[in-house]
Structure formats: C-alpha cells, structure tokens
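To start, the structure under review is shown below, and the notes come after it.
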Amino acid sequence: MTVSDEPRAPKYLLDELGFATRTAGRELHGTAAVTPAMRVPGTPHLRTSILAAWADTLTGLLATQVTTPRVPVTLDLDVQLYRPAPGDGTVQGTARVVKVGRSVFAAEVEFTSSGGGPLAIANASFMTAPDARLRLPPGFSVELPASREPLAVPFAERAGCERRGPGVAVLPRTEDGLNASGTVNGGLLALVAEEAALSPAQGETLCSLGLRYLQPARVGPVIATAVRRDGLGRVELRDSGNGGRLSCIAVTRTFQGGSG
Numbered sequence: 003m004t005v006s007d008e009p010r011a012p013k014y015l016l017d018e019l020g021f022a023t024r025t026a027g028r029e030l031h032g033t034a035a036v037t038p039a040m041r042v043p044g045t046p047h048l049r050t051s052i053l054a055a056w057a058d059t060l061t062g063l064l065a066t067q068v069t070t071p072r073v074p075v076t077l078d079l080d081v082q083l084y085r086p087a088p089g090d091g092t093v094q095g096t097a098r099v100v101k102v103g104r105s106v107f108a109a110e111v112e113f114t115s116s117g118g119g120p121l122a123i124a125n126a127s128f129m130t131a132p133d134a135r136l137r138l139p140p141g142f143s144v145e146l147p148a149s150r151e152p153l154a155v156p157f158a159e160r161a162g163c164e165r166r167g168p169g170v171a172v173l174p175r176t177e178d179g180l181n182a183s184g185t186v187n188g189g190l191l192a193l194v195a196e197e198a199a200l201s202p203a204q205g206e207t208l209c210s211l212g213l214r215y216l217q218p219a220r221v222g223p224v225i226a227t228a229v230r231r232d233g234l235g236r237v238e239l240r241d242s243g244n245g246g247r248l249s250c251i252a253v254t255r256t257f258q259g260g261s262g
C-alpha cells in the first residue's frame with residue numbers, strides 16, 4: 003500500500019524520473035524523457051517498474067480530486083505492455099477516471115511512445131487513507147513540473163536496490179523514498195519486485211507487472227522473493243524489519259524469448 007502524492011521531502015527520489023503532469027479537461031496527462039539510467043540493466047528498454055511508478059502518480063493525482071483533503075492510498079496497480087518499452091525518446095501517459103465509488107476509486111492510463119504509438123495500459127484502484135490525520139497540503143496541485151535534477155545513475159542503484167541471488171532482491175528504507183506517512187513508496191516496491199523477478203536471467207524485461215498492496219512497508223529493508231515458471235512469476239515483498247510482514251504480492255510475466 004502506498005500513500006500517493008503527499009507532501010514531499012525537498013529531494014524526492016521518484017521526482018528524478020522527470021515525470022511532468024498537466025490537466026486536459028477531465029484527463030490528466032503526463033510526459034517524461036527516457037534516459038539510459040531508466041533502462042533494465044543489460045537491455046535497451048525502459049523499466050516496466052518506472053511505467054508503474056508513473057501510472058501510480060497519474061492515477062493517484064486523479065484520486066486526490068475525489069478524496070481531498072484526505073490522502074488516497076493505492077490498493078492495486080497493474081501495467082501491461084504491448085511490446086518492450088523504448089530506451090530513449092519520450093513517453094506520454096493519459097489518465098482517466100473509471101469509477102468513483104463510496105469506498106474505492108479506479109482509474110486507467112494509456113501510455114504511448116514517441117510518435118504516438120501505443121506502448122502500455124495500466125489500471126489502479128485507491129481508497130482513502132484510514133489515518134484521518136493525513137491531509138493534502140494547502141494549495142495542492144495535480145500539475146507537477148519536471149524535475150530539474152534528472153536521474154543520474156541507474157534507477158536500482160539510486161534506490162539502493164540490490165539483487166542478492168536468483169529470485170531475491172532487497173530494497174532499503176531511505177528518507178527520500180518515503181511517503182509523508184513514513185512508508186516506502188509503491189513505485190519503489192514495483193522496482194524491487196521487478197528486480198527479484200528478473201534476477202534469474204539476463205536480458206529480459208517484463209511485459210506484465212501487477213501489484214496488490216497489503217500493508218505499508220514501514221521499517222525495511224523490503225525483501226522481495228520471486229518464484230518463476232515459464233516466464234510467469236509470483237513475488238512476495240516482506241518488511242523484514244517489521245517481523246517479515248507481507249507488504250505486497252506481485253505477479254510478473256516476461257516477454258517470450260527475451261526482451262527483443
């Protein structure tokens with residue numbers, strides 16, 4: 003579970019992904035330039051976990067328009083790619099509301115690459131944070147500028163996320179990777195799930211990444227353990243410093259025959 007778009011620290015890790023947003027009628031649009039630091043190691047392709055982080059940003063911002071002044075939390079998020087993501091150019095996302103219910107908000111995102119070709123679709127659902135003390139800041143805006151400090155090193159390295167063996171990856175709890183509630187951001191949980199799923203083999207990328215957030219990762223480090231068969235993976239993410247509690251379950255699939 004991730005608290006979305008809360009007041010941020012002066013330097014926030016996911017801001018370095020350079021995703022800028024703007025309203026367009028009832029839609030919310032986002033765009034970012036893809037850089038080499040955003041690629042899966044050993045491939046020329048953008049990380050699927052970064053698309054997940056951008057989808058969480060877009061849909062979470064839409065959710066704030068319903069939950070305000072309260073903060074929304076992500077319940078689940080999935081990204082499905084038509085083809086391996088490009089490793090350069092730009093990516094655009096268009097987010098729309100799917101449903102506004104009494105307890106659950108749902109939204110979808112269509113991602114396109116440079117030239118407007120379809121790249122991926124994403125869906126997410128949210129609920130209002132149970133902690134009523136969490137509030138959006140005064141003057142909160144869903145329009146975010148691009149970061150002036152773009153990602154300078156590979157995403158996993160920047161986050162301190164390490165592969166510890168086949169099917170295992172570890173993500174530390176760092177101050178610049180937290181939500182305002184002090185829990186690990188859901189976009190970073192997507193990263194460690196991706197790293198665990200990809201660790202058994204080189205040169206692969208994910209065509210599908212689905213995450214179900216069960217409870218916040220408060221202490222860390224987060225340990226992700228993946229079991230794969232025929233390209234399909236199940237990943238458990240546990241908060242090792244909090245009794246090994248299960249924070250998230252992810253389901254992944256790699257592109258058949260590698261990333262192409």
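Okay, so the sequence shown: first residue is 3 according to this note's numbering, each after it adds one.
A virtual CB, placed ideally from N, CA and C, is assigned to each residue, including glycine.
Bear in mind the structure is a predicted one, so any value in this text is a computation, not a measurement.
Quiz item: If you draw a straight line from the C-alpha of Arg220 to the C-alpha of Ala131, how long is it?
Solution: Here residue 220 refers to the residue found at position 218 of the sequence shown. Here residue 131 refers to the residue found at position 129 of the sequence shown. Looking at the two C-alpha atoms, the distance is approximately 15 Å.
Exercise. Pick out whichever of Asp232, Gly246, Arg231 has its Cα sitting closest to the Cα of Glu238.
Key: Looking up residue 238 in the sequence shown gives position 236. The option with the nearest alpha carbon to Glu238 is Gly246.
Quiz item: Shortest alpha-carbon distance to Pro168 belongs to which of Ala158, Thr227, Arg41, Thr254?
Solution: Numbered from 1 along the sequence shown, position 166 holds the residue referred to as residue 168. Considering only alpha carbons, the answer is Thr227.
Quiz item: Based on Cα-Cα distance, which residue from Ala57, Val253, Ala134, Arg28 lies nearest to Phe197?
Solution: Residue mapping note: residue 197 aligns to position 195 of the sequence shown, counting from 1. Note on residue identity: the sequence assigns Glu, not Phe, to residue 197. The shortest C-alpha separation from Glu197 is found at Val253.
Quiz item: Got a sec, what are the start and stop residues for the alpha helix (DSSP H) Gly188 sits in?
Solution: As a working note, residue 188 is residue 186 in the sequence shown. Per DSSP, Gly188 belongs to the alpha helix (DSSP H) from 188-200.
Quiz item: Roughly how many whole angstroms lie between the Cα atoms of Ile225 and Phe113?
Solution: Taking the sequence shown and counting its residues from 1, the one referred to as residue 225 is at position 223. Taking the sequence shown and counting its residues from 1, the one referred to as residue 113 is at position 111. If you take the alpha carbons of Ile225 and Phe113, they lie about 29 Å apart.
Quiz item: Can the beta-carbon of Ser57 be found less than 9 Å from the beta-carbon of Gly95?
Solution: Mapped onto the sequence shown, residue 57 falls at position 55. Mapped onto the sequence shown, residue 95 falls at position 93. Inspection of the sequence shows that residue 57 is occupied by Ala rather than by Ser. Taking 9 Å as the Cβ cut-off, Ala57 and Gly95 qualify as a contacting pair.
Quiz item: Relative to the C-alpha of Ala65, which residue among Ser242, Val42, Ala109 is closest?
Solution: Residue numbering aside, residue 65 sits at position 63 when the sequence shown is read from its first letter. Nearest C-alpha to Ala65: Ala109.
Quiz prompt | Closest Cα partner of Gly222 within the set Pro202, Cys163, Ser201 | solution = The count along the sequence shown starts at 1 and reaches residue 222 at position 220. Considering only alpha carbons, the answer is Cys163.
Quiz prompt | Endpoints, the beta strand (DSSP E) within which Glu164 is located | solution = For this step, residue 164 is matched to residue 162 along the sequence shown. According to the DSSP assignment, Glu164 belongs to the beta strand (DSSP E) that extends over 164-167.
Quiz prompt | Three-way DSSP call (helix, strand, coil) for Glu206 in this model | solution = Reading the sequence shown from its first residue, position 204 is the one you call residue 206. DSSP, reduced to helix, strand and coil, places Glu206 outside both helices and strands of the structure shown, so it counts as coil.
Exercise. Would you mind giving the Cβ-Cβ distance between Arg41 and Gly89, rounded to the nearest angstrom? I have them listed as a contact below 8 Å.
Key: Sequence index remark: in the sequence shown, residue 41 carries index 39 (1-based). Sequence index remark: in the sequence shown, residue 89 carries index 87 (1-based). Correct: roughly 5 Å between the Cβ atoms.
Quiz item: If we ignore side chains and look at the alpha-carbon of each, how far apart do Leu208 and Arg255 end up?
Solution: Looking up residue 208 in the sequence shown gives position 206. Looking up residue 255 in the sequence shown gives position 253. For Leu208 and Arg255, the gap between their C-alpha atoms comes out near 6 Å.
Quiz prompt | Status (buried if at least 16 other CB within 10 Å, exposed otherwise) for Pro86 | solution = In the sequence shown, residue 86 corresponds to position 84, counting from 1. With 16 or more other Cβ atoms within 10 Å, it is buried.
Practice problem: Answer yes or no: do Tyr215 and Gly188 have a C-beta to C-beta separation smaller than 9 Å? | Solution: Translated into positions along the sequence shown, residue 215 becomes position 213. Translated into positions along the sequence shown, residue 188 becomes position 186. With respect to the 9 Å criterion, Tyr215 and Gly188 are classified as neighbours on the basis of their beta carbons.
Practice problem: Pick out whichever of Ala55, Pro46, Ala124 has its Cα sitting closest to the Cα of Asp80. | Solution: Sequence index remark: in the sequence shown, residue 80 carries index 78 (1-based). Taking Asp80 as reference, the option from Ala55, Pro46, Ala124 with the minimal CA-CA separation is Ala124.
Practice problem: Consult DSSP for Ser261 and reduce its assignment to one of helix, strand or coil. | Solution: Your numbering for residue 261 matches position 259 in the sequence shown. Caution is warranted here: a pLDDT of 48 is assigned to Ser261, below 50, making its placement in the model unreliable, and the coordinate value is therefore given only provisionally. Coil at Ser261, not helix or strand.
Practice problem: Starting from Ser115, follow its DSSP beta bridges and name the residues at the other end. | Solution: Translated into positions along the sequence shown, residue 115 becomes position 113. According to DSSP, which records beta bridges pairwise, Ser115 is partnered with Val93.
Exercise. Look up Gly212 in the DSSP assignment and give the residues it is bridged to.
Key: Here residue 212 refers to the residue found at position 210 of the sequence shown. Paired residues: Asp80, Val253.
Practice problem: Leaving out five residues on either side along the sequence, give the residues of the same chain with a beta carbon under 6 Å from the beta carbon of Val194. | Solution: Here residue 194 corresponds to residue number 192 of the sequence shown, with the count starting at 1. Answer for Val194: Cys163, Ala171, Leu173, Val224, Ala226, listed in chain order.
Quiz item: Count the other CB atoms within 10 Å of the CB of Glu151; is the residue buried (16 or more) or exposed (fewer)?
Solution: Along the sequence shown, one-based indexing puts residue 151 at 149. Exposed, by the Cβ-count rule.
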